[in-house]
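Here the structure is laid out as structure tokens; the discussion comes afterwards.
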Amino acid sequence: MASLKNVQKGISRVLTATVLTFGLMLIMFLFETLIAHEGLECGQHPIRHHHKRRSDPKPREEIKGPKDWFFCELENSVMLDALDGFAIIVALFLFLLETPDRTQQAQYEAWQVVDAAHGLKTSYARIQALQDLNGDNVTMKGLFASGADLRNIDLHGADLSNADFQDADLRGANLSNTNLSNANLANADFSNVNLANARLSGSDLSEANFVEANLNNVDFVGAIITDTNFVRANLERAYFGDNNFIKTNLKDANIKKTKFFGVENLSSAQIQSASHWKEAIYDATLTNQLGLG
Numbered sequence: 022m023a024s025l026k027n028v029q030k031g032i033s034r035v036l037t038a039t040v041l042t043f044g045l046m047l048i049m050f051l052f053e054t055l056i057a058h059e060g061l062e063c064g065q066h067p068i069r070h071h072h073k074r075r076s077d078p079k080p081r082e083e084i085k086g087p088k089d090w091f092f093c094e095l096e097n098s099v100m101l102d103a104l105d106g107f108a109i110i111v112a113l114f115l116f117l118l119e120t121p122d123r124t125q126q127a128q129y130e131a132w133q134v135v136d137a138a139h140g141l142k143t144s145y146a147r148i149q150a151l152q153d154l155n156g157d158n159v160t161m162k163g164l165f166a167s168g169a170d171l172r173n174i175d176l177h178g179a180d181l182s183n184a185d186f187q188d189a190d191l192r193g194a195n196l197s198n199t200n201l202s203n204a205n206l207a208n209a210d211f212s213n214v215n216l217a218n219a220r221l222s223g224s225d226l227s228e229a230n231f232v233e234a235n236l237n238n239v240d241f242v243g244a245i246i247t248d249t250n251f252v253r254a255n256l257e258r259a260y261f262g263d264n265n266f267i268k269t270n271l272k273d274a275n276i277k278k279t280k281f282f283g284v285e286n287l288s289s290a291q292i293q294s295a296s297h298w299k300e301a302i303y304d305a306t307l308t309n310q311l312g313l314g
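In the numbering used here, the protein residues as written are 22 to 314.
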């Protein structure tokens, strides 16, 4: 049944391409005849008189009316001399008509590669397939890549919400502007990762490693950050809200203009171990706790 539908689709496209090509050539022929000067005999077109004709034009005396004139013009049309390019034009239209199907097929094959790599720690084909899908703006919501080696992958701007990257190795990856909300990132390695402007709200970051990661302007609202390592990370302008900072390591992290609102178990020692801590933005409770009021 599927093959019959494919045949029907193919025939439909060939017919469509042929009609489009014929229409294009007819328009060009009409344009050619309309720009002819008045008073010229059939075949004496000022544009095409230098071109070789397939036959001598009809003598003037044989042209008895508009019908004869039209067919005479058609017979001597330069456009008809270009019919050998008809197949090329049809092929071009077919190529354009089939572009969506080729894209869909490529995406289907990319997902097959990703599925085939399920359970494998290392797969360079999976990395390329995921990057190709992201390049086509395909959502990867709910992607399962637990334990995968995805070092240096480029998935900037991807929709990875609800994805599972538990225990994954993403060192050096480009995940800027990604949506990782409600994702499982527990015990994952994000060292030196670019996560600027990413959304990690509601995600599980417990025991994850963000050493020297770029977390500029990241949304951490509601994320689980128990025992999370932010050593030397750039947290400038990041936003923490409704987070529990039990065993969270902020040593030498840049928290300039970082917002801390409604957080729990964030000690003065943790905050003061970070750099630019006096330039962070705190709620009233933390402001009083730090004596910055």
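Just so it is clear, CB atoms sit at the ideal spot from N, CA and C, and this is done for glycine as well.
Computed from a predicted model, the values in this text were never measured in an experiment.
In angstroms with no decimal places, state the Cα-to-Cα distance between residue i and residue j.
i: L176; j: K299; result: 34 Å
i: S159; j: T124; result: Contrary to the premise, residue 159 reads as Val rather than Ser in this sequence. Whole-angstrom Cα-Cα distance: 11 Å.
i: S222; j: N238; result: 12 Å
i: Q291; j: K272; result: 7 Å
i: D153; j: V232; result: 28 Å
i: F266; j: G243; result: 11 Å
i: A295; j: Y145; result: 37 Å
i: Q310; j: A301; result: 14 Å
i: S288; j: T249; result: 15 Å
i: V252; j: N218; result: 19 Å
i: F165; j: N205; result: 10 Å
i: Q149; j: A137; result: 13 Å
i: K277; j: L236; result: 12 Å
i: E285; j: V214; result: 26 Å
i: T308; j: N270; result: 20 Å
i: A179; j: M161; result: 7 Å
i: L216; j: D304; result: 25 Å
i: K280; j: G140; result: 38 Å
i: I245; j: K268; result: 12 Å
i: N195; j: H297; result: 25 Å
i: L256; j: A274; result: 7 Å
i: Q128; j: G163; result: 17 Å
i: Q133; j: G168; result: 19 Å
i: N264; j: D225; result: 11 Å
i: V135; j: L151; result: 7 Å
i: R147; j: S197; result: 20 Å
i: Y260; j: A234; result: 15 Å
i: Q126; j: S182; result: 24 Å
i: T306; j: D210; result: 32 Å
i: Q293; j: E130; result: 51 Å
So if DSSP puts residue i in a beta bridge, which residue, or which two residues, is it bridged to?
i: N195; result: D175 and N215
i: D240; result: R220 and Y260
i: E285; result: N265
i: Y303; result: F281
i: D273; result: For D273, which the question treats as bridged, DSSP gives no partner whatsoever.
i: D225; result: N205 and I245
i: D210; result: D190 and N230
i: S296; result: N275
i: D136; result: BP columns for D136 are empty, so no partner.
i: N255; result: N235 and N275
i: N200; result: D180 and R220
i: N250; result: N230 and N270
I think residue i touches residue j, with their Cβ atoms under 8 Å apart; what is that distance to the nearest whole Å?
i: D190; j: N208; result: That belief does not hold up - the Cβ atoms of D190 and N208 are roughly 11 Å apart, past 8 Å.
i: N230; j: S212; result: 6 Å
i: S227; j: T199; result: Actually they do not touch by this definition, with Cβ atoms about 19 Å apart.
i: K156; j: N173; result: Correcting the residue type first, residue 156 is Gly in the shown sequence and not Lys. That pair is no contact at about 16 Å.
i: D170; j: K142; result: 5 Å
i: G283; j: G312; result: Actually they are not in contact, since the Cβ atoms of G283 and G312 sit about 20 Å apart, beyond 8 Å.
i: R258; j: D240; result: About 10 Å separates the two Cβ atoms, so there is no contact after all.
Any chance the CB of residue i is under 6 Å from a heavy atom of the ligand FAD?
i: Q152; result: The ligand FAD is absent from the structure shown, which contains no ligands of any kind.
Quick one: which unbroken alpha helix (DSSP H) runs of 4-plus residues sit fully inside the region 140–177? Chain order, please. 145–156
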